[in-house]
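Student: By the count of this note's numbering, the first sequence reaches residue 459 at its end, each step adding exactly one.
Each residue gets a CB set at the ideal place from its N, CA and C atoms; glycine is no exception.
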Amino acid sequence: MCYWCPSVFETFLCCHFDQDSLEEETFCPVCGDRVSGYHYGLLTCESCKGFFKRSVQNNKHYTCVEMQSCPMNPLQRKRCPYCRFQKCLAVGMKREAVRADRMRGGRNKFGPLYRRDRQMKEQKVYHQTTTTPCRIKMETTQALQPTAPSDLHLMTGHTNVPLSSDPFHQCQVYPSGMGQLGAPMPLDCTMNTDRGLTPPSLPYAGLYRTFPGYPQEKREVPFSCSPAPENHPFHSPPNNLFTPLSTPETTTPCSTPNQLVEAEQDESQLCAKVLASLQREQASRGKHDRLNTFSIMCKMADQTLFGLVEWARNSALFKELKIEVSTILSQAGVTLSSLVSRTQDLVTKLRALQLDRHEFVCLKYLVLFNPDVKSVQSRRQVEQTQERVNRALMERTQQTHPGHSDKFGQLLLRLPEVRSISLQVEDYLYQRHLLGDLPCNSLLTEMLHTKHS
DNA sequence: GTCTCAGGGCCACTG
DNA sequence: CAGTGGCCCTGAGAC
């Protein structure tokens with residue numbers, strides 16, 4: 007890592023544009039070891055390269071004896087091949103890059119993409135050196151410039167989030183394709199003094215950070231009602247989204263609308279991230295390999311879902327809960343068009359009620375804290391939280407719409423509809439998943455599996 | 001024609 | 001004895 011300021015500008019440029027140093031300062035996104043080059047889709051270490059190759063070639067099927075969230079670092083990576091392989095897939099290693107014919111040598115079809123990935127890294131380094139003086143930086147693999155054209159016509163509007171066309175860091179599982187967020191991720195050098203403890207710099211580190219898997223490091227980071235800092239590099243894939251939360255941070259749950267809103271990530275940022283990731287994915291595909299509308303919708307759902315999981319995990323209120331995996335049956339299917347129609351109706355009603363951001367956040371919490379969920383152990387706690395948020399919402403509506411005394415009740419009346427729609431969406435997606443229509447290895451399919459297992 | 005570099009194979013080592 | 005991981009070989013694509 008380099009401190010830099012104008013006086014050492016040239017030195018910084020020299021060391022950061024050097025290809026060797028570019029890779030030397032990158033850690034394997036699977037185990038955090040030193041990378042040896044591009045392997046099966048992204049920069050990984052020699053060890054994970056070999057492991058991934060053997061796993062795919064020999065069609066290995068591993069099992070995890072723990073909670074499918076084993077820590078992954080150079081010292082412990084051998085302990086659980088299941089979690090290691092899952093993480094390989096999660097960070098974007100590609101099975102298809104392992105040659106079925108075992109032919110040696112040559113370049114694979116990803117060659118041009120590897121090149122572009124390198125170029126993006128260099129652009130990113132250049133951007134950071136020229137726009138962020140006197141700042142300690144640790145590179146992630148994200149890039150800054152939207153060099154690839156967007157063919158995602160479903161999206162409208164624009165975003166100020168820098169885009170990347172880097173196709174390799176669009177994770178496969180948890181976010182399978184969730185590649186990097188757009189923004190640079192500065193990291194305090196003091197976190198990186200010991201390579202043995204240094205976790206990989208990963209795209210979506212911000213999203214991963216709240217999931218179990220790197221307990222030691224994660225506990226050093228104080229969570230609060232506010233979203234955890236984007237620059238936190240420690241992460242772990244949400245192998246099991248419903249494992250009990252294990253971080254006993256002592257935070258004071260917020261309960262007023264202002265406190266709740268302060269803790270919120272900007273919705274537009276989440277939208278921008280999803281949009282940027284989809285654009286990257288679409289841009290990285292060949293002309294005849296573009297995602298169709300349904301695939302785009304699935305990926306949007308997957309990434310939005312990931313953002314929501316992050317939101318819930320970051321929520322101090324949610325951290326008080328203990329949750330276990332359970333079977334949740336859903337109802338028989340409905341058509342996509344009727345779901346869209348119902349959703350549009352719901353949005354229209356909420357707009358008519360002039361829902362503001364504070365109220366929206368309260369509604370999100372009310373959906374999250376549902377005492378009817380069978381797996382919740384501390385039902386009383388859920389009910390108490392629900393009451394607190396209810397009070398907060400009521401105060402907010404009375405405060406902002408004193409003449410509209412029924413707004414609070416009207417908002418609450420929308421919740422059953424929200425839950426009903428979500429259940430039917432879930433059912434619909436599960437049916438499509440059974441038909442093989444959903445992309446594999448996505449957070450979405452993982453959650454569907456969990457709920458229907 | 002030469003160089004690059006990513007995938008595959010080999011094999012000593014480990015538990 | 002199966003799995004690991006470091007090292008070397010191979011060969012298609014880039015130049």
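Considering GLY43, what are the terminal residues of the alpha helix (DSSP H) in which it resides?
Tutor: Here residue 43 corresponds to residue number 37 of the first sequence, with the count starting at 1. Element bounds for GLY43: not the alpha helix (DSSP H) but the beta strand (DSSP E), 43-45.
Student: Quick one: what's LEU48 bridged to in DSSP?
Tutor: Start at 1 with the first residue of the first sequence, and residue 48 comes out as number 42. For LEU48, which the question treats as bridged, DSSP gives the partners HIS45.
Student: Three or more C-beta pairs closer than 8 Å, one from the region 66-84 and one from the region 102-116: is that the case here?
Tutor: Counting Cβ pairs under 8 Å, fewer than three are found: no touch.
Student: Where does PHE375 fall in DSSP's three states?
Tutor: To locate residue 375, count along the first sequence from 1; it is residue 369. DSSP places PHE375 in coil when its eight states are reduced to three.
Student: CB-CB under 6 Å to TYR44, same chain, minus the five flanking residues each way: which ones, in chain order?
Tutor: Stepping through the first sequence from its first residue, residue 44 is reached at position 38. Same-chain partners within the cutoff: TYR120.
Student: Apply the 10 Å Cβ neighbour rule to ALA398 and answer buried if 16 or more other Cβ atoms are within range, or exposed otherwise.
Tutor: Here the question's residue 398 lines up with position 392 in the first sequence. It counts as buried.
Student: Quick one: what does DSSP say HIS386 is sitting in, helix, strand or coil?
Tutor: Locating residue 386 in the first sequence gives position 380, counting from the first residue. One detail in the question is off: residue 386 reads as Arg in this sequence, not His. Reduced to three states, the DSSP call for ARG386 is helix.
Student: Classify THR354 as buried or exposed, calling it buried when 16 or more other Cβ atoms lie within 10 Å of its own Cβ.
Tutor: Counted from its first residue, the first sequence places residue 354 at position 348. Looking at its Cβ environment, which holds fewer than 16 other Cβ atoms inside 10 Å, THR354 is exposed.
Student: Below 7 Å, is the gap between the Cβ of LEU359 and the nearest heavy atom of the ligand HEM?
Tutor: Ligands in the displayed structure: none, and consequently the ligand HEM is not present.
Student: Just the C-alpha distance for GLY409 and PHE366, rounded to the nearest angstrom, thanks.
Tutor: Indexing the first sequence from 1 puts residue 409 at position 403. Indexing the first sequence from 1 puts residue 366 at position 360. If you take the alpha carbons of GLY409 and PHE366, they lie about 19 Å apart.
Student: What does DSSP give as the partner residue(s) for ARG40 in the beta ladder?
Tutor: If you number the first sequence from 1, residue 40 lands on position 34. Paired residues: PHE33.
Student: Which residues mark the beginning and the end of the alpha helix (DSSP H) in which ALA468 is found?
Tutor: No answer is possible for residue 468: it lies beyond the span of the chain, which begins at 7 and ends at 459.
Student: Within 10 angstroms of the Cβ of THR403, are there 16 or more other Cβ atoms? Answer buried if so, exposed if not.
Tutor: Position 397 of the first sequence, counted from the start, is the residue given in the question as residue 403. When all chains shown are included, THR403 counts as buried.
Student: If we ignore side chains and look at the alpha-carbon of each, how far apart do ARG40 and MET400 end up?
Tutor: Taking the first sequence and counting its residues from 1, the one referred to as residue 40 is at position 34. Taking the first sequence and counting its residues from 1, the one referred to as residue 400 is at position 394. For ARG40 and MET400, the distance between alpha carbons rounds to 53 Å.
Student: For ARG425 and ALA96, I'd like the C-alpha separation in whole angstroms.
Tutor: On the first sequence, residue 425 is found 419 positions in, with the first residue counted as 1. On the first sequence, residue 96 is found 90 positions in, with the first residue counted as 1. Going from the Cα of ARG425 to the Cα of ALA96 covers about 29 Å.
Student: Output yes or no for whether 8 Å exceeds the beta carbon distance between LEU352 and ILE427.
Tutor: Residue 352 sits at position 346 when you count from the first residue of the first sequence. Residue 427 sits at position 421 when you count from the first residue of the first sequence. It is a contact, given that the beta carbons lie within the stated cut-off.
Student: For LYS66, which three-state DSSP category applies?
Tutor: Translated into the one-based positions of the first sequence, residue 66 becomes position 60. DSSP places LYS66 in coil when its eight states are reduced to three.
Student: Whole angstroms is fine: what's the gap from ASN79's alpha carbon to GLU452's?
Tutor: Locating residue 79 in the first sequence gives position 73, counting from the first residue. Locating residue 452 in the first sequence gives position 446, counting from the first residue. Straight-line Cα distance between these residues: approximately 24 Å.
Student: Rounded C-beta distance between LYS59 and SER42? I'm assuming under 8 Å.
Tutor: To locate residue 59, count along the first sequence from 1; it is residue 53. To locate residue 42, count along the first sequence from 1; it is residue 36. In fact, because the Cβ distance is near 13 Å, the residues do not count as touching under 8 Å.
Student: Just to confirm, is the Cβ distance from CYS37 to ARG83 under 8 Å?
Tutor: The residue given as residue 37 occupies position 31 in the first sequence. The residue given as residue 83 occupies position 77 in the first sequence. Yes.
Student: Check this for me: beta carbons of VAL373 and LEU418, under 8 Å apart or not?
Tutor: Here residue 373 refers to the residue found at position 367 of the first sequence. Here residue 418 refers to the residue found at position 412 of the first sequence. No, Cβ-Cβ distance for VAL373 and LEU418 is not below 8 Å.
Student: For the putative contact between LEU450 and LEU429, defined by C-beta atoms under 8 Å, what is the C-beta separation to the nearest angstrom?
Tutor: As a first step, residue 450 is located in the first sequence; it is residue number 444 there, counting from the start. As a first step, residue 429 is located in the first sequence; it is residue number 423 there, counting from the start. LEU450 to LEU429, Cβ: 15 Å. No contact.
Student: Compute the Euclidean distance between the alpha carbons of THR32 and CYS51, then round it to the nearest angstrom.
Tutor: Within the first sequence, the letter at position 26 stands for residue 32. Within the first sequence, the letter at position 45 stands for residue 51. For THR32 and CYS51, the distance between alpha carbons rounds to 10 Å.
Student: Using a 10 Å radius around the Cβ and a threshold of 16 neighbouring Cβ atoms, would you call GLN92 buried or exposed?
Tutor: Here residue 92 refers to the residue found at position 86 of the first sequence. GLN92 should be labelled buried.
Student: Using a Cβ-Cβ cutoff of less than 6 Å, which residues in the same chain neighbour TYR307 once the five nearest sequence positions on both sides are dropped?
Tutor: If you number the first sequence from 1, residue 307 lands on position 301. With the sequence shown as reference, residue 307 is identified as Ala, and Tyr is not the correct amino acid for it. Hits under 6 Å: LEU450.
Student: With burial defined as no fewer than 16 other Cβ atoms inside 10 Å of the residue's Cβ, what is the status of GLY47: buried or exposed?
Tutor: Residue 47 sits at position 41 when you count from the first residue of the first sequence. With 16 or more other Cβ atoms within 10 Å, it is buried.
Student: Verify whether the separation of the beta carbon atoms of VAL388 and TYR371 is less than 8 Å.
Tutor: Looking up residue 388 in the first sequence gives position 382. Looking up residue 371 in the first sequence gives position 365. Cβ atoms of VAL388 and TYR371: not closer than 8 Å.
Student: Quick one: using the 10 Å Cβ neighbour count with 16 as the cut-off for buried, is ASP433 buried or exposed?
Tutor: Taking the first sequence and counting its residues from 1, the one referred to as residue 433 is at position 427. Answer is buried; the Cβ neighbour count reaches 16.
Student: Can you tell me whether DSSP reads LEU361 as helix, strand or coil?
Tutor: Here the question's residue 361 lines up with position 355 in the first sequence. DSSP places LEU361 in coil when its eight states are reduced to three.
Student: By DSSP, does PRO408 sit in helix, in strand, or in coil?
Tutor: For the purposes of this step, residue 408 is taken as residue 402 along the first sequence, with counting starting at 1. Coil.
Student: Given a cut-off of 8 Å, decide if CYS94 and ARG85 are closer than it, judged by their beta-carbon atoms.
Tutor: Counting from 1 along the first sequence, the entry for residue 85 is found at position 79. Counting from 1 along the first sequence, the entry for residue 94 is found at position 88. No, Cβ-Cβ distance for ARG85 and CYS94 is not below 8 Å.
Student: How big is the Cα-Cα spacing for TYR88 and LEU49?
Tutor: Numbered from 1 along the first sequence, position 82 holds the residue referred to as residue 88. Numbered from 1 along the first sequence, position 43 holds the residue referred to as residue 49. Near 20 Å, if we compare the C-alpha coordinates of LEU49 and TYR88.
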